[in-house]
Each structure stands twice: as structure tokens, then as C-alpha cells.
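J.: The structure under discussion is supplied below as C-alpha cells; questions concerning it will follow.
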Amino acid sequence: MENEAEDQVLYMQKHTNEGLPRIIPLGDSAVSVIFEAAISPQTHRRVRAVCSRLFSAPFTGMIEFVPSFHSVAVYYDGPAVLRAYPQYISEGEEYYPFPIVAALLEEMLQLAEEQAGPVPRVVSIPVFYGGETGPDLEFVAQHNGLSVQEVIDIHSSADYLVYMLGFAPGFPYLGGLSPSLSTPRRPSPRLAIPAGSVGIAGDQTGVYPLETPGGWQLIGRTPVALFRPDAVPPVRLQAGDLVRFYPVSFSEFLAWKGDRL
Amino acid sequence: MSLLIMKPGLLTTVQDLGRYGYQQYGVIAGGAMDSYAMRMANLLVGNEEQAAGLEMTVLGPEITFAAPALIAVCGGGLAPLLDGQPLPLWRTAHVPKGARLHFGRLPGGCRAYLAVAGGIDVPVQLNSRSTYLRAGIGGHQGRALRSGDVLPVGTSSGRAAAWAERLTRGRGTGRVVREPMNNRQLEERSAGNSGAEAAAIAAWYPVPAMIPDYPQAPVIRVIEGEEYEMFSSESRRRFQSEPYTILPESDRMGYRLSGSPLSLVQEQSLASAAVTFGTIQVPAEGAPIILMADRQTTGGYPKLAQVITADLPLLAQASPGSRVRFRLVTLREAQEQLLQRELELHRLRLVLQHV
Numbered sequence: 001m002e003n004e005a006e007d008q009v010l011y012m013q014k015h016t017n018e019g020l021p022r023i024i025p026l027g028d029s030a031v032s033v034i035f036e037a038a039i040s041p042q043t044h045r046r047v048r049a050v051c052s053r054l055f056s057a058p059f060t061g062m063i064e065f066v067p068s069f070h071s072v073a074v075y076y077d078g079p080a081v082l083r084a085y086p087q088y089i090s091e092g093e094e095y096y097p098f099p100i101v102a103a104l105l106e107e108m109l110q111l112a113e114e115q116a117g118p119v120p121r122v123v124s125i126p127v128f129y130g131g132e133t134g135p136d137l138e139f140v141a142q143h144n145g146l147s148v149q150e151v152i153d154i155h156s157s158a159d160y161l162v163y164m165l166g167f168a169p170g171f172p173y174l175g176g177l178s179p180s181l182s183t184p185r186r187p188s189p190r191l192a193i194p195a196g197s198v199g200i201a202g203d204q205t206g207v208y209p210l211e212t213p214g215g216w217q218l219i220g221r222t223p224v225a226l227f228r229p230d231a232v233p234p235v236r237l238q239a240g241d242l243v244r245f246y247p248v249s250f251s252e253f254l255a256w257k258g259d260r261l
Numbered sequence: 001m002s003l004l005i006m007k008p009g010l011l012t013t014v015q016d017l018g019r020y021g022y023q024q025y026g027v028i029a030g031g032a033m034d035s036y037a038m039r040m041a042n043l044l045v046g047n048e049e050q051a052a053g054l055e056m057t058v059l060g061p062e063i064t065f066a067a068p069a070l071i072a073v074c075g076g077g078l079a080p081l082l083d084g085q086p087l088p089l090w091r092t093a094h095v096p097k098g099a100r101l102h103f104g105r106l107p108g109g110c111r112a113y114l115a116v117a118g119g120i121d122v123p124v125q126l127n128s129r130s131t132y133l134r135a136g137i138g139g140h141q142g143r144a145l146r147s148g149d150v151l152p153v154g155t156s157s158g159r160a161a162a163w164a165e166r167l168t169r170g171r172g173t174g175r176v177v178r179e180p181m182n183n184r185q186l187e188e189r190s191a192g193n194s195g196a197e198a199a200a201i202a203a204w205y206p207v208p209a210m211i212p213d214y215p216q217a218p219v220i221r222v223i224e225g226e227e228y229e230m231f232s233s234e235s236r237r238r239f240q241s242e243p244y245t246i247l248p249e250s251d252r253m254g255y256r257l258s259g260s261p262l263s264l265v266q267e268q269s270l271a272s273a274a275v276t277f278g279t280i281q282v283p284a285e286g287a288p289i290i291l292m293a294d295r296q297t298t299g300g301y302p303k304l305a306q307v308i309t310a311d312l313p314l315l316a317q318a319s320p321g322s323r324v325r326f327r328l329v330t331l332r333e334a335q336e337q338l339l340q341r342e343l344e345l346h347r348l349r350l351v352l353q354h355v
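One line per chain: the protein sequences are A and B, in this order.
Residue numbering for the first sequence follows the UniProt record's numbering, starting at 1 and increasing by one per position.
Residue numbering for the second sequence follows the UniProt record's numbering, starting at 1 and increasing by one per position.
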């Protein structure tokens, strides 16, 4: 299983002709490293390479980084950067943190491009499809001219790439939903979607880690907690993971012994 | 030592300077809305700047001290009272056991911060004591304070202990708060609710230049956002020349503004990407939203501008109904302002070592 996944997603860096990313300010205390490229597993790998590099060799004054579809935001403490890298300030030059951070990141990006990305983890997530916990499963089937069982089979047979987390703690933005399951959002959002709900919105599928309002079509529910504030790390899924959903019965859902919601 | 919450006020939460290192997992940074006032309050009671305190909003709580404490209240909008007597903002004070801290209203600002020597000692979760209301973590049981809550206070620093001793001995005391008691206070004292000891206010305090006045109609400095150039020139001009009103549905997550609508030259849908404190984003209907302390970690609306860090406290203190104007500055100016402020705080830290 694991090897299969590695074969599917080649994680050796394949260089493209696209240039180095742009580094632009995100306010006065962060920068965005932006790849001018479409959302794709390949762009994602470049984003991941930057993150690995920032993780293993952070610059002094770096606070944290946040990857997204085709950029990485890097948060920094400007005064700490100025104190740590006086050698980056030559006489007569402008004396403020951003040019130093940009220079540090440019050096780092050269190295990141040469670094092979980490091997993806495969995470299996049990889902009880349909029933009370998946009230829109029938609608998704009808909308796509499929049977309910076909929707379950298709949804649980793909590997989904976690591009990024955002919106709520542990919420994964997943790529890889079969176009045959694509379904528009509900015309009016529900006020409270229970935590663990698995849904489809347009060409995306996802899992709600916390109870929140939302307009997704709900097809099932997982007993697995995606946000575990006392665990390290506090989330079940991380950017770069591959997710596989597998169907379980209602009794298996109830009896789930792992990290429960 | 602990604080007893007699009345919670409108929205009182435990906050520190925020939760960092977990935004890549979708965990918000949170923290004090006006981090400057929070840091000043901590410095004035001898705490580390990142110690936890209380953020109090518009209508303050009523708090009783279970033991003598060194405290400071910084910020705006709320007028602290100790057993009915005014307590100055931005000033170190020693309060006796049983003292009752409550609040009146004050023009200018809408949030005040209470720091207690030793800090509010709730458990650290994900590297911070800040309350994350939506996820129900951090702070006191992951929620806003309620009547009857008891908040533990940590151990004071040596400096705080020395200040407390000086103030209780009367040396370095500016004035004693307790003027002749009113009837209620006399009753409370005879009922044993209030110590006979007086509160003492330090004779030292930050220079006026370090104490912000929180204007009702602030001019907020911004730098260009990532999508600034994608907005029409008319929209860019309006944004910098016309006032925007903060709407009532604004909160710790974000400020919604009403005013001249803003639009892109051409509608575009953007991929979600990281946002930060002060990001001004504009959804398709054209009304800007400024992301505040409890913002989500990522967003997909075009980013028109970014409030400079040095001006975030002014914005955090602007209440619904306030009219805000925006002035575009360079990144360099924004960072110089930030360094200037850090330098002032550094100087204050040095001076306080020799008080």
C-alpha cells in the first residue's frame, strides 16, 4: 500500500523551467513566497520543499510559516532580524528588515529547489456513509446520475492530496475528487455542521474538524478527530499527506477506538 | 493568589500575545487585540510581556482579589475603579486583599487589559494561554469568563515583589486611593469584605508620549496588499480618500466596514493563501473586511491593503460606529514605525529595572 502511494506520487524533485518564486511583503511582519503556477501536485511539491527547508533551517527571527496552494507565508520578528543579521546591511543601504528577510529567503530557495521533498504519509480515514450523518448522499448520487453505492465506491477509492490546512484547525484542503462526484454547494448553508462531517462542495471534498456553519453536501461522517489540541502535532492530517477514505458500518463507527471526536 | 470574577462584563477573556507555530495547522494566532496595551500592562507589574492578562471589552467585569496584588490596567474605553475610587490607567497599583475592581466607561477606545504580577496562570495550550473561543481551548476553560470563575495567578517576579513592598510601606507612593469611604464601602468593610488596608498607586509611570490616545476617528496607515494593483484606480482612490465606518457585526475575528464599494478591474477567483493581522480583504460585494486577532489563518479574497503593525492598537480600540480613514505608506515607513515602537518599549524596560 505505502509503496503504491509512493509510486503514484513521485517525490523526487523534477525541475521545471518556471523561475524562482516571487518574494513579496504580506504586511510589515511577514512575506509571501509565491510560485507563479497553477494549483497542481507539482506546485505543491515545490511549496513543500520550501517548508522543509524553513523547518530544518529557520533564520533567526523567523516566527512560523504557513503553506498554501501555491505560496508559503513566512512570519518574522523584524527587530530580531535586524539584530541577528547586521552583515546584511551595507553602508548607505536602506536599514529595515524586509530586504534582509528577502535576501535570506532567496539564498534558502536555491537550496530548497535542490532538496528532495519528504515522502508523503498515507492516512486512512474511516467514514460511515449516508444515514443521518450523511443527509445529502442521495442528492449527490442523483445529481451525478449514480447509485448511492457508486458514490461511496468512487469517493473511497481515490487518494486525496492534502494541499494545505486552513479555515478551521485541522481542516484539509483536498485535491483529487473525481469529477463524477462534483456537486454544487447547498443553496442555503446549514447553521451547524457537526464535527467529523465528510462533504462535497463543487470539485472539493473535505472533513469538518469543528462544528461550524457551512454549505457543503454532507455524505457521511468520520469518528476520527482531525483536531486534537493536546497531541503533537495537534492535527491528524498535515499538508503533503495522502488521504484515503474507507467505508465502515454504523456499528464500527460507534465502536471506533482510535482518536475519537 | 487568585482573582474572583463577580461579574463577567461584556466579553472578558484571558489573552496573551498569541499562539504562534500552529497557523500551518489552521490554528489561529489569537492573542490580545491591542497588544501594545497588554505588553505595557505586563511591564508595569514586572511580568514578562507575554504573560497572560485579561482583555475586557466595552463593559468591564467586577473582580475581587483573594490576596494583595500588584496590578496595572492599560488600554481605553474602560475607567477602572477600586472600591468605587478611580484608579488611573497605565499605572502600577498595589491593591489589598478583598479589594473590588470594577469599571466605568471612558471615551476613546473599547478594550482594556488587566495585568496582575505573576500573570493569569491558566494552563498553556499549544504554546499560549490565549482563549480560542471557537475551538474551546486556551484561556479559562476555553471560554469567556463568567460570574463565579476563579482565576489562578502565578508567582510575581522579584521586581514586582520589591515594588509591592515599597508601595505598601508608603515609599514611592503617589497617593492613596482610599478617600473617605462612602456608605456602601463602610458597610462592606464592617462585613469584612474589604480590607482596611488602602490601595497604593506608584509615583512612577510611563511618559505621556508612550500613552496612546485612541481617537474616535483614527487615521490608519496601510501598505499595499498583494492584489492592490488589481483594484480599479477609482477604488484605490476612494479607499485612501473616503471614510469607512466600522459596522456593529465586527468582532475579534474581523472588522466589517461600510463605505464606498471597492472592486477589482476584473473579477477573479483566487486560491486560498495565508492572511495576517490587519489584512484588508475585499469580497465580491465590495465592502472591505479587516482581519483582526482571531482571524482565520488563510483566506481567498483579494487583499487590497495591510494595516501597519504599529497602528493595529489604534484600530483594535476603534469601536463599532467609528469612522476610519486609511493612509498609504511605504513598507519601509511601516517597519521604521514598528522599530521605533519597539525601541520605546525597550527603553521603558530598562528604566523599570532601576525604579
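All residues carry an ideal CB built from backbone N, CA and C; glycine is no exception.
Please read all numbers here as calculations on a predicted model, not as lab measurements.
Pick out the complete beta strand (DSSP E) segments inside the segment 151-181 of chain A, 3 residues or longer, and give them in chain order.
T.: Runs found: 160-165 and 172-175.
J.: Taking the straight line between their C-alpha atoms, what separation do you get for B:ARG323 and A:LEU137?
T.: 47 Å
J.: Using only alpha-carbon positions, find the residue among B:LEU87, B:THR279, B:LEU106 and B:TYR255 that is nearest to B:VAL222.
T.: B:THR279
J.: Compare the beta carbon distance of A:PRO209 and A:ALA168 with 7 Å and say whether it is the shorter of the two.
T.: yes
J.: Determine the extent of the beta strand (DSSP E) in which B:LEU291 is found, giving its start and end residues.
T.: 289-291
J.: Name the chain A residues whose beta carbon is nearer than 9 Å to that of B:TYR22?
T.: GLU64, PRO169, PRO233, PRO234 and VAL235
J.: Output the boundary residues of the beta strand (DSSP E) element that contains B:VAL102.
T.: Rather than Val, the amino acid found at residue 102 of chain B in this sequence is His. Its beta strand (DSSP E) spans residues 100-105.
J.: Measuring CB to CB, does B:ARG91 end up less than 7 Å from B:ILE201?
T.: yes
J.: Select from the segment 257-276 of chain B all residues with a C-beta closer than 9 Å to any C-beta belonging to chain A, and list them in chain order.
T.: ALA271, SER272, ALA273, ALA274, VAL275 and THR276
J.: Please tell me whether B:GLU285 has its Cβ less than 7 Å away from any Cβ of chain A.
T.: no
J.: For B:ARG325, collect the residues of the same chain with a Cβ closer than 6 Å to its Cβ; drop the 5 residues on either side in sequence, then sort them by chain order.
T.: VAL219 and PRO243
J.: With distances taken Cα to Cα, identify the nearest neighbour of B:GLY118 among B:LEU247, B:SER2 and B:GLY104.
T.: Among B:LEU247, B:SER2 and B:GLY104, the Cα nearest to that of B:GLY118 belongs to B:SER2.
J.: Find the nearest neighbour of B:SER258 within the set B:ASP213, B:LEU312, B:ASN127 and B:ILE290, judged by alpha-carbon distance.
T.: Minimum Cα distance to B:SER258 is reached at B:ILE290.
J.: What is the rounded straight-line gap between the Cα of A:SER180 and the Cα of A:ALA201?
T.: 13 Å
J.: In the DSSP assignment, find the unbroken alpha helix (DSSP H) run with A:SER71 in it and report its ends.
T.: Note, A:SER71: premise wrong, no alpha helix (DSSP H); beta strand (DSSP E) at 71-76.
J.: Note down, in chain order, each residue of its chain lying with its Cβ closer than 6 Å to the Cβ of A:ILE100, except the 5 sequence neighbours on either side.
T.: VAL81, TYR85 and TYR88
J.: Could you give the distance in angstroms between the alpha-carbon of B:VAL150 and the alpha-carbon of B:THR297?
T.: 32 Å
J.: For a test of the three-state rule: what should DSSP assign to A:ILE200, helix, strand or coil?
T.: strand
J.: When the Cα of B:TYR205 is compared with those of B:LEU43, B:SER35 and B:GLY254, which residue comes out closest?
T.: B:LEU43
J.: My output table needs one value for A:ILE39: the three-state DSSP class, helix, strand or coil.
T.: coil
J.: Could you check if B:LEU343 is buried or exposed, using at least 16 other CB atoms within 10 Å of its CB as the buried criterion?
T.: exposed
J.: The ligand ZN and B:ALA198: does any heavy atom of the ligand fall closer than 6 Å to the residue's C-beta?
T.: Ligands displayed in this structure: none; no statement on the ligand ZN is therefore possible.
J.: Could you name the residues of chain A that B:ILE280 contacts, counting a contact when the two beta carbons are closer than 9 Å?
T.: Within chain A, no residue has its beta carbon less than 9 Å from that of B:ILE280; the closest one is some 10 Å off.
J.: Helix or strand or just coil, what does DSSP make of A:PHE253?
T.: helix
J.: Which whole runs of the beta strand (DSSP E) in the segment 286-346 of chain B are 3 residues long or more, in chain order?
T.: 289-291, 303-307 and 323-328
J.: For a quick check, are the C-beta atoms of A:PHE128 and A:ARG221 less than 7 Å apart?
T.: yes
J.: Put B:THR168 into one of helix, strand or coil per three-state DSSP.
T.: helix
J.: Hey, is A:LEU104's beta-carbon within less than 7 Å of any beta-carbon in chain B?
T.: no
J.: At a CB distance below 8 Å, what residues from the segment 28-55 of chain B approach chain A? Give them in sequence order.
T.: ILE28
J.: So B:GLN335 contacts chain A; which residues on that side make the cut at Cβ distance below 7 Å?
T.: The answer, in chain order, is ASP28, GLY78, TYR96, PRO97 and PHE98.
J.: So what's B:ARG256 in DSSP terms, helix, strand or just coil?
T.: strand
J.: Would a check of beta-carbon distances place A:GLY202 closer than 7 Å to chain B?
T.: no
J.: Please list, in chain order, the chain B residues whose beta carbon lies closer than 7 Å to that of A:ILE39.
T.: Chain B residues near A:ILE39: ALA271.
J.: In terms of DSSP beta bridges, what is B:SER2 paired with?
T.: B:PRO152
J.: Check each residue of the segment 45-74 of chain A: if its Cβ is closer than 7 Å to any Cβ of chain B, include it; give the result in chain order.
T.: ILE63, GLU64, PHE65, VAL66, PRO67, SER68, PHE69, HIS70, SER71 and ALA73
J.: Pull up the DSSP beta-bridge partners for A:PHE65, would you.
T.: In DSSP, A:PHE65 forms a bridge with A:VAL74.
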